[in-house]
Amino acid sequence: MRNLNQDSTHLHAAGLVQSFIDNVIIESVQDISRRWHTPQKHPDPLVVAYRPWEGITYFSISSHCVMRDPRDGLFKCWYENLVGEPQVRKMGLGLASQQLYAESADGVKWTKPELDVVAVDGRPTNIVMPDGTHCMSVVIDPYAASEEERFRAFFTRMFHDNTKRESRCAHSPNGIHWKYYNEQPSMGTAGPKLCDVTLLSYDGDAREFVQNTRHFLMTAPVTRAVWNRDESFSRPYELDNFAAYNQRRVWQSRSSDFIHWSEPFVVAATDDDEDNLDESVYGLCQYRMGGLHLGLMSVLRMVDNEMDVQLVHSRDGLRWRRGMKRQPFIRPQGVGYWDAHMVGVTSPPIEVGDELWFFHGGTDFHHDWWLVGQREGINHPEALDPMGCGAGFGLGLATMRKDGYASLYSNPYRSGIVITRPLISMGTELLINAVCFPGGSVAVEVLDRHDQVVPGCSMDECDPFTEDAVAHRMTWNGRSQIPAGREEGFYWRKLKFRLCDAELFSFTFSAAIEDPSEFKTEKEW
Numbered sequence: 001m002r003n004l005n006q007d008s009t010h011l012h013a014a015g016l017v018q019s020f021i022d023n024v025i026i027e028s029v030q031d032i033s034r035r036w037h038t039p040q041k042h043p044d045p046l047v048v049a050y051r052p053w054e055g056i057t058y059f060s061i062s063s064h065c066v067m068r069d070p071r072d073g074l075f076k077c078w079y080e081n082l083v084g085e086p087q088v089r090k091m092g093l094g095l096a097s098q099q100l101y102a103e104s105a106d107g108v109k110w111t112k113p114e115l116d117v118v119a120v121d122g123r124p125t126n127i128v129m130p131d132g133t134h135c136m137s138v139v140i141d142p143y144a145a146s147e148e149e150r151f152r153a154f155f156t157r158m159f160h161d162n163t164k165r166e167s168r169c170a171h172s173p174n175g176i177h178w179k180y181y182n183e184q185p186s187m188g189t190a191g192p193k194l195c196d197v198t199l200l201s202y203d204g205d206a207r208e209f210v211q212n213t214r215h216f217l218m219t220a221p222v223t224r225a226v227w228n229r230d231e232s233f234s235r236p237y238e239l240d241n242f243a244a245y246n247q248r249r250v251w252q253s254r255s256s257d258f259i260h261w262s263e264p265f266v267v268a269a270t271d272d273d274e275d276n277l278d279e280s281v282y283g284l285c286q287y288r289m290g291g292l293h294l295g296l297m298s299v300l301r302m303v304d305n306e307m308d309v310q311l312v313h314s315r316d317g318l319r320w321r322r323g324m325k326r327q328p329f330i331r332p333q334g335v336g337y338w339d340a341h342m343v344g345v346t347s348p349p350i351e352v353g354d355e356l357w358f359f360h361g362g363t364d365f366h367h368d369w370w371l372v373g374q375r376e377g378i379n380h381p382e383a384l385d386p387m388g389c390g391a392g393f394g395l396g397l398a399t400m401r402k403d404g405y406a407s408l409y410s411n412p413y414r415s416g417i418v419i420t421r422p423l424i425s426m427g428t429e430l431l432i433n434a435v436c437f438p439g440g441s442v443a444v445e446v447l448d449r450h451d452q453v454v455p456g457c458s459m460d461e462c463d464p465f466t467e468d469a470v471a472h473r474m475t476w477n478g479r480s481q482i483p484a485g486r487e488e489g490f491y492w493r494k495l496k497f498r499l500c501d502a503e504l505f506s507f508t509f510s511a512a513i514e515d516p517s518e519f520k521t522e523k524e525w
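Letter by letter, the sequence shown follows residues 1 to 525 of my numbering.
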């Protein structure tokens, strides 16, 4: 089968940001290297447990989510609170789950408002969902039929002392006062059954809710080796045997009404040849950047009992490819730090000024030693005294340049050349996201589909960019306008960048004109 991540229709650049995370838009390079970039962590956690009713504020994968409400500008966070004690004699969580709420005006200083939903000892709390609400993911519905459904939530309801689980949905006008839907969600032939990790997003083009989740039969396949869940947390794993495949992985399901969901299909899983034997995919947070779908994929390394976040990308949101050569995008910092052993991202980054803000969970707990280690006889402080070893979970922040995931770089000794493939756009101006080091520069030439220089847009006429900006408007002899339009033969255009000691992150065609022949058929292009 042809590589479906690369198709000529992907060259419809329109007014979308074009990045260099993949090679789709690149025709050729000379003396150019790709650099991968990672966000810079804020040193301390932003939200931790300190209220009397908070036990373990479980900032784990799919146990918290953060967004910025476009209406009031507030950063809003829903996070899980575990109260009680882990079961140490048999496999089981043994802890009751609640959903709590925090908010912030600037994304750094957070408050836990005392609300009118749940009281403890007669005192208002920030609890917004009662016991039994586990792994809740929240999304805003931009086309809600009523204010009552502006916020939607999908979660696992645990009951009968956590021995039974069911998938449930709720809605809210403000993210604080929630009501269950009367009808349970249904995921194709599986019915109201899922495992306990769901990360929600919204596809504005299709007007569909998207959840990246786990199938209820994820770990059910039979292996040849006998396994007792009260003796070992990890199941036996048989390589190259799809019928026995039981590693954690990610399915996707879609819905237009939030209740009736499509049959889940696998979109992310580790590979027996490319990944390590003990690695599995814990969750996948996906979002859009221009023509690309990006994903922050949480990878569990079972032997070390640790988790990091890796970058994946896709042209359709279904077929994913790994970025950064499988190196962590956000990693735990190691012993002595608050996020020593696990990090997880459950929500898309939030654009703040010229930066992207990645809110992530973190902990100096390992994944499961504190939950089941005592039962297994593990000699580790988390297993021996899980509630008194001093470990905990928190919400962290890491920041990065806007669209700064990958750049094309040239050094100061040889100028680098980047030539794009012919791109379709009606944009009449060109914005670049680039940084030039002292003495460095970026210049660009515009070519037509036959590699001829577009009049007025040659390399010699270009005013070189020599600074640092996420949206610099390129000019040629002081003019920013570039010809566009099918009638002039400039509907397809190529860009030739010349870099000298500079990094180019992305570019965008802007100031689009109307297509004079927008109703031409595909045969008339």
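For glycine and all other residues, C-beta sits at the position ideal for the given N, C-alpha and C. Source: prediction; values computed, not measured.
Measuring CB to CB, does TYR282 end up less than 9 Å from ARG326?
To locate residue 282, count along the sequence shown from 1; it is residue 282. To locate residue 326, count along the sequence shown from 1; it is residue 326. Their beta carbons are not under 9 Å apart, which means TYR282 does not touch ARG326 by this criterion.
How is TRP370 classed by DSSP in three states: helix, strand or coil?
On the sequence shown, position 370 is the one that residue 370 refers to. Under the three-state reduction of DSSP output, TRP370 falls in the helix class.
Go through its chain and collect everything with a Cβ distance to ALA340's Cβ below 7 Å, but skip five positions before and after it.
Taking the first residue of the sequence shown as position 1, residue 340 is located at position 340. The answer, listed in chain order, is PRO332, GLN333, GLY334 and ASP364.
Enclosing alpha helix (DSSP H) for GLU382 [first to last residue]:
Within the sequence shown, the letter at position 382 stands for residue 382. 381-384 is the span of the alpha helix (DSSP H), which, as asked, contains GLU382.
Is the CB-CB distance between PHE393 and VAL48 below 9 Å?
What you label residue 393 is simply residue 393 of the sequence shown in a count that begins at 1. What you label residue 48 is simply residue 48 of the sequence shown in a count that begins at 1. Here PHE393 is near VAL48, since their CB atoms are less than 9 Å apart.
Roughly how many angstroms separate the alpha carbons of TRP476 and GLU147, rounded to a whole number?
Indexing the sequence shown from 1 puts residue 476 at position 476. Indexing the sequence shown from 1 puts residue 147 at position 147. Taking the CA atoms as reference points, TRP476 sits about 50 Å from GLU147.
What are the complete alpha helix (DSSP H) segments, minimum 4 residues, inside the region 275-335?
With a minimum length of 4 residues, no continuous alpha helix (DSSP H) run stays inside the region 275-335.
If contacts are defined as beta-carbon pairs under 8 Å, then THR420 and ILE26 qualify, I think. What distance do you get, rounded to the angstrom?
Your numbering for residue 420 matches position 420 in the sequence shown. Your numbering for residue 26 matches position 26 in the sequence shown. Indeed they touch by this definition, with Cβ atoms about 6 Å apart.
When DSSP builds the beta bridges, which residues end up paired with HIS360?
For the purposes of this step, residue 360 is taken as the residue at position 360 of the sequence shown. Beta-bridge pairing by DSSP links HIS360 to GLY396.
Which one of TRP78, ARG150 and ALA434 has the shortest CA to CA distance from PHE507?
For the purposes of this step, residue 507 is identified with residue 507 of the sequence shown, where counting begins at 1. Comparing alpha-carbon positions, the option among TRP78, ARG150 and ALA434 lying closest to PHE507 turns out to be ALA434.
With 16 as the cutoff for other CB atoms within 10 Å, does TYR50 come out buried or exposed?
The count along the sequence shown starts at 1 and reaches residue 50 at position 50. It counts as exposed.
Who are TYR58's beta bridge partners in DSSP?
Translated into the one-based positions of the sequence shown, residue 58 becomes position 58. Partner(s): GLU80.
Reference SER104, options SER97, LEU46 and TRP53, closest by Cα:
Taking the first residue of the sequence shown as 1, we reach residue 104 at position 104. The residue with the shortest Cα to Cα distance from SER104 is LEU46.
Mind listing, in chain order, the continuous beta strand (DSSP E) runs of no fewer than 3 residues lying wholly within the region 97-156?
Those beta strand (DSSP E) runs which fall completely within the region 97-156 and span 3+ residues are 115-120, 123-125, 127-129 and 133-140.
Through-space distance from LEU430 to VAL470, alpha-carbon basis:
Numbered from 1 along the sequence shown, position 470 holds the residue referred to as residue 470. Numbered from 1 along the sequence shown, position 430 holds the residue referred to as residue 430. Those two C-alpha atoms are separated by around 12 Å.
Is DSSP giving HIS341 helix, strand or coil here?
As a first step, residue 341 is located in the sequence shown; it is residue number 341 there, counting from the start. In this structure, DSSP gives HIS341 a state outside helix and strand, which the three-state scheme calls coil.
Cα-Cα separation between VAL139 and GLU208, rounded to whole angstroms
Here residue 139 is taken as the residue at index 139 of the sequence shown, counted from 1. Here residue 208 is taken as the residue at index 208 of the sequence shown, counted from 1. Roughly 11 Å between the two C-alpha positions.
Neighbour-count burial assignment, GLN211, 16 or more Cβ in a 10 Å radius
Here residue 211 refers to the residue found at position 211 when the sequence shown is read from its first residue. By the Cβ-count criterion, GLN211 is buried, with 16 or more other Cβ atoms from all chains shown falling within 10 Å of its own Cβ.
Taking 6 Å as the limit between beta carbons, can you name the residues of its chain near ALA102, skipping five residues before and five after?
The residue labelled residue 102 in the question sits at position 102 within the sequence shown. Excluding sequence neighbours, ALA102 sits near VAL47, CYS77, TRP110 and LYS112.
Ends of the beta strand (DSSP E) at ARG35?
Counted from its first residue, the sequence shown places residue 35 at position 35. According to the DSSP assignment, ARG35 belongs to the beta strand (DSSP E) that extends over 33-36.
Per DSSP, which one or two residues make a beta bridge with LYS496?
As a first step, residue 496 must be located in the sequence shown, where it is residue number 496. Residue pairing by DSSP places LYS496 opposite ILE419 and GLU445 in a beta bridge.
Best match in ALA14, GLN30 and THR9 for proximity to ILE417 [C-alpha to C-alpha]
The residue given as residue 417 occupies position 417 in the sequence shown. The candidate whose alpha carbon is nearest that of ILE417 is GLN30.
Three Cβ pairs or more, each shorter than 8 Å: is that satisfied between the region 346-365 and the region 4-12?
No, the region 346-365 is not in contact with the region 4-12.
Specify, as a first and last residue, the run of the beta strand (DSSP E) that ASN228 falls within.
Residue mapping note: residue 228 aligns to position 228 of the sequence shown, counting from 1. Looking at the DSSP string, ASN228 is not in any beta strand (DSSP E), and its letter there is neither H nor E.
From TRP370, SER253, GLY396 and PRO124, residue whose alpha carbon lies closest to that of LEU384:
In the sequence shown, counting from the first residue as 1, residue 384 sits at position 384. It is TRP370.
For the beta strand (DSSP E) that TYR409 lies in, which residues bound it at each end?
The sequence position of residue 409 within the sequence shown is 409, counting from 1. For TYR409, the enclosing beta strand (DSSP E) has its first and last residue at 406-410.
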